[in-house]
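Undergrad: Residue numbers (our numbering), protein chains in the order written: chain A, 1 to 384; chain B, 1001 to 1384.
Number of protein chains: 2
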Amino acid sequence: MRDVAVIGVGMQKWGELWETSARDIFVESALLAMDDAGVDTLDAMYVGCMTPGLFAAQEHLGSVMADYLGQGGIPATRVESACASGGLAFRSAYLAVASGMHDVVLAGGVEKMTDISGGEATFALATAADMQWEGVSGVTFPGLYAMMAVAHMDRYGTTREQLAAVAVKNHRNGSRNPRAQFPMEITAEAVINSVKVADPLNILDCSPITDGAAAVIVVPADMVGRAGKPGVKVTGSGHATDTIALHDRDDFASMRAVAQSAERAYAMAGRTAKDIDFAEVHDCFTIAEIIVSEDLGLVEKGKGGPAAEAGETALDGRIPINPSGGLKSKGHPVGATGIAQVVEITEQLRGEAGPRQVKDARIGLAQNMGGSGGSSLVHILEAM
Amino acid sequence: MRDVAVIGVGMQKWGELWETSARDIFVESALLAMDDAGVDTLDAMYVGCMTPGLFAAQEHLGSVMADYLGQGGIPATRVESACASGGLAFRSAYLAVASGMHDVVLAGGVEKMTDISGGEATFALATAADMQWEGVSGVTFPGLYAMMAVAHMDRYGTTREQLAAVAVKNHRNGSRNPRAQFPMEITAEAVINSVKVADPLNILDCSPITDGAAAVIVVPADMVGRAGKPGVKVTGSGHATDTIALHDRDDFASMRAVAQSAERAYAMAGRTAKDIDFAEVHDCFTIAEIIVSEDLGLVEKGKGGPAAEAGETALDGRIPINPSGGLKSKGHPVGATGIAQVVEITEQLRGEAGPRQVKDARIGLAQNMGGSGGSSLVHILEAM
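1. What are the residues that DSSP puts in a beta bridge with Cys-1049 of chain B?
2. Any idea if Arg-1256 of chain B is buried or exposed, counting beta-carbon neighbours within 10 angstroms, 16 or more meaning buried?
3. Within 10 angstroms of its Cβ, does Met-148 of chain A collect 16 or more other Cβ (buried), or is it exposed?
4. Which residue comes first and which comes last in the alpha helix (DSSP H) that contains Ile-1380 of chain B?
5. Output yes or no for whether 7 Å exceeds the beta carbon distance between Gly-212 of chain A and Pro-333 of chain A.
6. For Gln-1367 of chain B, which residues does DSSP report across the bridge?
7. Is the beta carbon of Ile-1345 of chain B closer than 7 Å to that of Ala-1366 of chain B?
8. Within 7 Å of any Cβ in chain A, is that where the Cβ of Ala-1265 of chain B sits?
9. So with CB distances below 9 Å, who are the chain A contacts of Met-1001 of chain B?
10. Beta carbons nearer than 7 Å to chain C: which residues of the stretch 1236-1261 of chain B have them?
11. Below 8 Å on the Cβ atoms is my contact criterion, and I expect Asn-170 of chain A with Asn-322 of chain A to pass it. Report the Cβ-Cβ distance as a whole number of Å.
12. May I have the straight-line CA-CA distance separating Ile-1287 of chain B from Arg-1160 of chain B, to the nearest angstrom?
13. Whose CA, out of B:Glu-1382, B:Gly-1119, B:Ala-1098 and B:Ala-1262, lies closest to the CA of Thr-1235 of chain B?
14. Unbroken beta strand (DSSP E) runs of length 3 or more, entirely within the stretch 1255-1301 of chain B: which are they?
15. Just how far apart, CA to CA, sit Ala-1005 of chain B and Lys-1233 of chain B?
16. For the alpha helix (DSSP H) that contains Val-136 of chain A, what are its first and last residues?
17. Please determine if the stretch 136-156 of chain A and the stretch 1063-1074 of chain B are in contact, where contact requires at least 3 C-beta pairs separated by less than 8 Å.
18. Specify the secondary structure class of Met-148 of chain A as computed by DSSP and reduced to three states.
19. Answer yes or no: do Phe-55 of chain A and Val-110 of chain A have a C-beta to C-beta separation smaller than 7 Å?
20. Assuming the contact rule is C-beta atoms closer than 8 Å, Met-384 of chain A and Pro-220 of chain A should be a hit. Round their C-beta distance to whole Å, please.
21. Give me the Cβ distance between Ile-1074 of chain B and Leu-1042 of chain B, rounded to the nearest whole Å; I'm assuming they're in contact under 8 Å.
22. Please confirm whether Glu-280 of chain A and Gln-341 of chain A have their CB atoms less than 7 Å apart.
23. Considering only their Cβ atoms, is the gap separating Met-65 of chain A from Val-39 of chain A smaller than 7 Å?
24. Nearest CA to the CA of Ala-1089 of chain B: which residue from B:Ile-1192, B:Gly-1305 and B:Ser-1237?
25. Nearest to Leu-1387 of chain B by alpha carbon, out of B:Asp-1024, B:Leu-1246, B:Gly-1228 and B:His-1379?
26. Which residues in the same chain have their Cβ closer than 7 Å to the Cβ of Ile-1186 of chain B, if we skip the five residues on either side of it in sequence?
27. Residues in the stretch 1050-1061 of chain B with C-beta within 9 Å of chain A's C-beta atoms, listed in sequence order?
28. Name the DSSP beta bridge partners of Met-1011 of chain B, please?
29. Using the C-alpha atoms, what's the distance from Thr-1020 of chain B back to Glu-1347 of chain B?
30. Ignoring anything shorter than 4 residues, give me the alpha helix (DSSP H) runs that lie fully in the stretch 55-94 of chain A, in order along the chain.
31. What residues from chain B crowd round Arg-172 of chain A, counting only those whose CB sits closer than 9 Å?
32. Which residue or residues does DSSP assign as beta-bridge partners of Lys-1196 of chain B?
33. Take Val-1195 of chain B and list the residues in its own chain whose beta-carbon comes closer than 8 Å to its own, dropping the five residues that flank it on each side.
34. For the putative contact between Gly-271 of chain A and Ile-363 of chain A, defined by C-beta atoms under 8 Å, what is the C-beta separation to the nearest angstrom?
35. Using a Cβ-Cβ cut-off of 7 Å, state whether Glu-1080 of chain B counts as contacting chain A.
36. How would you write the range of the alpha helix (DSSP H) that His-239 of chain A sits in, first residue to last?
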């Protein structure tokens, strides 16, 4: 298979975008990415979106987005893996280029979540869980991740303060990201005293409901240089699934799909966790970042909480995690999140991240997951 | 890229399956395909499904289906292109194998459509159209295809009787297919006198609401022979999009995405329409089969109606179309349809189609489309 590189990225400010539709926010990001890459036609497109049917009463997104982007005719594929739909779109685009099938491919993600009520949105998101066995009992995602948090606290002594440290760190990073939905710093006290959602998780442990899109352009690595920007090479891609239901797992304090997808990506890239300079990970809840950073091997198992508290994962720490602000501060339009991670890593590797630039960033890792870890995608990107 | 072959197919009887869930009907077909192929583990899986969120309140189907199939851990990807989701799953699996990324890949499709009311199902299906411009006016698919029928009748003199001939022919074929939802013969009079849905289309011009699944196993062509069955090689794959809205097209009596996807598949296979022995095409409405058979080049433009009426597309005709009974008689669980086409073509090329066997079948074509032609997939399969 051919080497593949990212040559363009696009993303606008995320938030509650009541004045624009899903297709408009997608097209805005896609045009920015095409402009950044210096391309005006695409050979194919992949769109990551979790549930446009429930959120926006519109399916057939490949056709919709290719048409509205002025690229009607090209093969356009929508992929879905719940909140990992963006990561899956990136992997699919990677494969389309690596295989030799297509040259200039757009991978985009989008979700328009605020056109329905909060209760309806919670239901729509719950369809990422096992609706036949989990949904029927009324459990939604804060409840599932709260059970993981309780298990992790019990097993490893993770504390309420350590959970809060993740949110504080991500908001500090997000305050330097002009595209973040909630670009303000918060204190540990604010997190700990915020309203309870599902014990031990409070509202400030949870990522928000967001409208947003993001897009990147991938091409054969030998095309890099076209637009005069530094290239970013995709060296590893790992994808794994796990039981859809949390209750079918041996362990609530670890996510097998995360470890397995990482193992596959590391093997492909010829890298280990020690080689990674920084990572964008799926902090849909504070506990998720702690578990994921352990399962990726970036911190020792059970030490994710202390690492966050000690500043090891801060922007200037040993292994910066979520320099973008993560899902927590930047927002979490579910289908777009995995692509936004690649946008951030690309900008970091190009040295374009401004006030949130990670020092000496050469190798970045993106981890995006669906549900309570029923699927996970890991990508490794390296400066060329 | 490597040559790719189908080595196993699985499908059960379609219909109103009120006793089983989407995951169960998917797993049943997947197990049949794995058994047929003689494999018990998969390297990856692609699931085609249009809108499980609206039909069955369950997304994250890659994880759900891999888990329930006992293959948890493998990369499992759901793809969507409205009613062409099955064809897109097949193309995605083809690419995964052709690229060298994976060896044994399952492509499956599923839709569970009868767990909601008919009105809700009509709404769910309408999300394949442009909900922002078409849906808002209240138009649904029978209305869109009725407009195409009127244009085709006006332009080419296609008659009400010719539309009926398509339904009569497909039910005759379907009466020989034990897995068809409506395996009974019908008369032209019955079609013409059936209740009006959207002038000139009557209820017997329309494909039904169906629960069903289908699955196939694809592998590198050099693995064929493993299970002792004749291999079926995938020689062409074409995918195209068009405007999502019908009103944005230059021509209502033709579908550009169908012609373009066919052109791409023919070019890859080194074949022309003249080489095709038989085809499974997307007859969601009788007029659709007429237009598609023309746009594929299987009959002359404007002559699809007369060809059906004269028996040219019958099982023993010049170019048999929809030997399986098509969407009309076999049923149309939207995400499964494109895979079921490949099941039929494989069985025909293996000489296993029994009373509906096409004589001297060596090269078959599958055409699956989304919406009013906003996307189309064409595959060419050949006996090895």
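Even glycine gets a Cβ: it sits at the ideal position worked out from N, Cα and C. All of these numbers come straight from a predicted model, not from anything done at the bench.
TA: Considering the structure as presented:
1. Cys-1049 of chain B pairs with nothing; no bridge assigned.
2. Around the beta-carbon of Arg-1256 of chain B, 16 or more other beta-carbon atoms lie within 10 Å, marking it buried.
3. Buried, by the Cβ-count rule.
4. Careful: Ile-1380 of chain B lies outside any alpha helix (DSSP H), inside the beta strand (DSSP E) at 1375-1383.
5. A contact, by the Cβ cut-off of 7 Å.
6. In the DSSP assignment, the residues bridged to Gln-1367 of chain B are B:Val-1378.
7. Yes.
8. Not an interface residue.
9. In chain order: Ser-99, Gly-100 and Met-101.
10. No chain C is present in this structure, whose protein chains are A and B.
11. Confirmed, about 5 Å.
12. Roughly 10 Å separates the two Cα atoms.
13. Nearest of B:Glu-1382, B:Gly-1119, B:Ala-1098 and B:Ala-1262 to Thr-1235 of chain B, Cα basis: B:Glu-1382.
14. Correct list: 1278-1280.
15. Approximately 4 Å between the Cα atoms of the pair.
16. Segment: none, Val-136 of chain A is in no alpha helix (DSSP H) and carries neither H nor E.
17. Counting Cβ pairs under 8 Å, fewer than three are found: no touch.
18. Residue state, collapsed to three classes: helix.
19. 7 Å or more divides the Cβ of Phe-55 of chain A from the Cβ of Val-110 of chain A.
20. That pair is no contact at about 13 Å.
21. Indeed they touch by this definition, with Cβ atoms about 6 Å apart.
22. Closer than 7 Å, so yes.
23. Taking 7 Å as the Cβ cut-off, Val-39 of chain A and Met-65 of chain A do not qualify as a contacting pair.
24. Considering only alpha carbons, the answer is B:Ser-1237.
25. For chain B, the structure presents residues 1001 to 1384; residue 1387 of chain B sits outside this window and is missing.
26. The beta carbon of Ile-1186 of chain B sits closer than 7 Å to those of Ala-1167, Val-1168, His-1171 and Leu-1204, all from its chain and outside the five residues before and after it, given in chain order.
27. Taking 9 Å as the Cβ-Cβ cut-off against chain A, the residues of the stretch 1050-1061 of chain B that qualify are Met-1050, Thr-1051, Pro-1052, Gly-1053, Leu-1054, Phe-1055, Ala-1056, Ala-1057, Gln-1058, Glu-1059, His-1060 and Leu-1061.
28. Its beta-bridge partners are B:Ala-1214.
29. The straight-line gap from Cα to Cα measures roughly 26 Å.
30. As for any alpha helix (DSSP H) of minimum length 4 sitting wholly inside the stretch 55-94 of chain A, the runs are 61-68, ordered along the chain.
31. Listed along chain B, no residue sits closer than 9 Å to Arg-172 of chain A by beta-carbon distance, the nearest being about 32 Å off.
32. Per DSSP, B:Asn-1202.
33. Only residues of its own chain outside the window of five on either side were considered, and among them Asn-1202 and Ile-1203 have a CB closer than 8 Å to the CB of Val-1195 of chain B, listed in chain order.
34. Gly is not the amino acid found at residue 271 of chain A; the sequence shown has Arg there. With a Cβ gap of about 7 Å, Arg-271 of chain A and Ile-363 of chain A count as contacting.
35. Interface residue (Cβ-Cβ distance to chain A less than 7 Å): Glu-1080 of chain B is classified as such.
36. Counted as a single uninterrupted DSSP element, the stretch harbouring His-239 of chain A is not any alpha helix (DSSP H) but the beta strand (DSSP E) occupying residues 232-241.
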